[in-house]
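Shown next, in structure tokens, is the structure this report addresses.
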Amino acid sequence: MTDACYGDPRLAALYDPLDPDRGDLDAYLRIAEEFGARRVLDIGCGTGVFALLLAERGIEVVGVDPARASVDVARAKPGGGQVRWVDGDAAAALPLQADLATMTANVAQAIADPQAWRATLRSAYEALRPGGYLVFETRVPAGRAWEEWTREASYKVTDVPGTGAVESWVEVVEVNGPLVTFRGTCAFAADGHVLTSDSTLRFRERQEVEKDLTMQGFTVEDVRDAPDRPGREFVFVARRPLPGDAAPDLGSERTRHHGRALNP
């Protein structure tokens, strides 16, 4: 299922204007440079911000997302023709021999269904060349980030070109174990129309993610901090082993490492 905020054309068009600061992607650009990636699969590419930044650097990019309205926004952007856009889940991008696969921002947590999550990891594995890397982030559950998602804290008014003033806010509607559901609201001053979209994120513990990765054949190379949000995110760096590599050991000292910054 696609959240309305990504699949509704009117809401998809607001995604970038309402969240213009994507400084969080700088670290992913450094990751691509660190691993010498020349071909990248951007899973959950949304409106294409990260995919287009990579393409500007001469990297071959495939951006895949199940929300057609968001992908349509990405295709229409300057430079959109430099990226291969795919409507669908990660499996829809296969076959591919990528150096790097990414899930930036909320993408990993938005795949809340366990079966869909395992299928995504498996597709990412199949999309990578042997020795290729999967990198993604997920919030540290103990940080209880959802407690900050209130109308009072998130309310803002944004002047959107071609649309006018838009009031927007988010608020949590349910916390059920590791699942947190929140509602985004956009109110359009021009016509008084109000659109809402509910989204559910899964907050996974580090050990759970490491186990899921290992079960799909990955070796967990590192678990890093997001440099702009220290202590608030797990950033997983997993690798598709090369032929002849030793089988991954979930309990090894290497996979227990934590605290290194996202940038090398």
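Be aware that the sequence shown starts at 1216, since it is given in the numbering used here, and climbs by one per residue. By construction, the Cβ of each residue, glycine as well, lies at the ideal position given by its N, Cα and C atoms. All figures in this text were calculated on a predicted structure; none of them were measured in a lab.
- Within the same chain, Ile-1258, Gly-1259 and Phe-1351 come within 7 Å of Met-1318 by CB-CB distance, once the 5 residues on both sides are set aside.
- With contact defined as three or more Cβ pairs closer than 8 Å, the stretch 1328-1335 and the stretch 1268-1278 are not in contact.
- Residue burial annotation: Val-1409 is exposed, with fewer than 16 other C-beta atoms found within 10 angstroms of its C-beta.
- Gly-1278 has its alpha-carbon roughly 14 Å from the corresponding atom of Gln-1312.
- In the structure shown, Lys-1292 falls within a coil segment according to DSSP collapsed to helix, strand and coil.
- Put simply, of Glu-1341, Pro-1293, Gly-1303 and Val-1288 the residue whose alpha carbon is nearest the alpha carbon of Leu-1428 is Glu-1341.
- Beyond the five residues adjoining it in sequence on each side, Arg-1454 comes within less than 6 Å, by CB distance, of Tyr-1348, Thr-1434 and Glu-1436 in the same chain, given in chain order.
- When Cβ pairs closer than 8 Å are counted between the two stretches, the stretch 1376-1385 is seen not to touch the stretch 1278-1291, the count staying below three.
- Taking 8 Å as the cut-off, the beta carbon of Ala-1327 is found no closer than this to the beta carbon of Leu-1267.
- Between Gly-1295 and Gly-1263, the beta carbon gap of about 7 Å places them in contact (Cβ cut-off 8 Å).
- Rounded to whole angstroms, the separation of the alpha carbons of Phe-1403 and Leu-1343 is 43 Å.
- Straight-line spacing of the CA atoms in Phe-1265 and Leu-1240 works out to 7 Å.
- Per DSSP, the continuous alpha helix (DSSP H) segment holding Glu-1248 begins and ends at 1240-1249.
- When secondary structure is reduced to three states using DSSP, Pro-1329 falls in the helix class.
- Listed in chain order, the non-local C-beta contacts of Val-1372 below 6 Å within the same chain comprise Ala-1380 and Glu-1382, local neighbours out to five positions each way being set aside.
- Counting only the Cα atoms, Ser-1285 lies some 19 Å from Ala-1316.
- Annotation: Val-1385 to Asp-1406 spans about 21 Å, alpha carbon to alpha carbon.
- Per DSSP, the unbroken alpha helix (DSSP H) holding Phe-1265 starts and ends at 1264-1271.
- Within the same chain, Thr-1262 come within 6 Å of Tyr-1230 by CB-CB distance, once the 5 residues on both sides are set aside.
- In the DSSP assignment, Arg-1421 falls within the alpha helix (DSSP H) that extends over 1421-1430.
- For Arg-1225 and Pro-1232, the gap between their C-alpha atoms comes out near 12 Å.
- In the three-state DSSP reduction, Thr-1335 falls in the helix class (H, G or I).
- The beta carbon of Ser-1338 sits closer than 6 Å to those of Ala-1305 and Ala-1306, all from its chain and outside the five residues before and after it, given in chain order.
- Nearest Cα to Val-1395 within the set Arg-1359, Ala-1320 and Tyr-1370: Arg-1359.
- The beta-carbon separation of Glu-1448 and Val-1322, rounded to 13 Å, does not stay under the 8 Å limit for a contact.
- Between Gly-1238 and Asp-1443, the C-beta spacing is below 8 Å.
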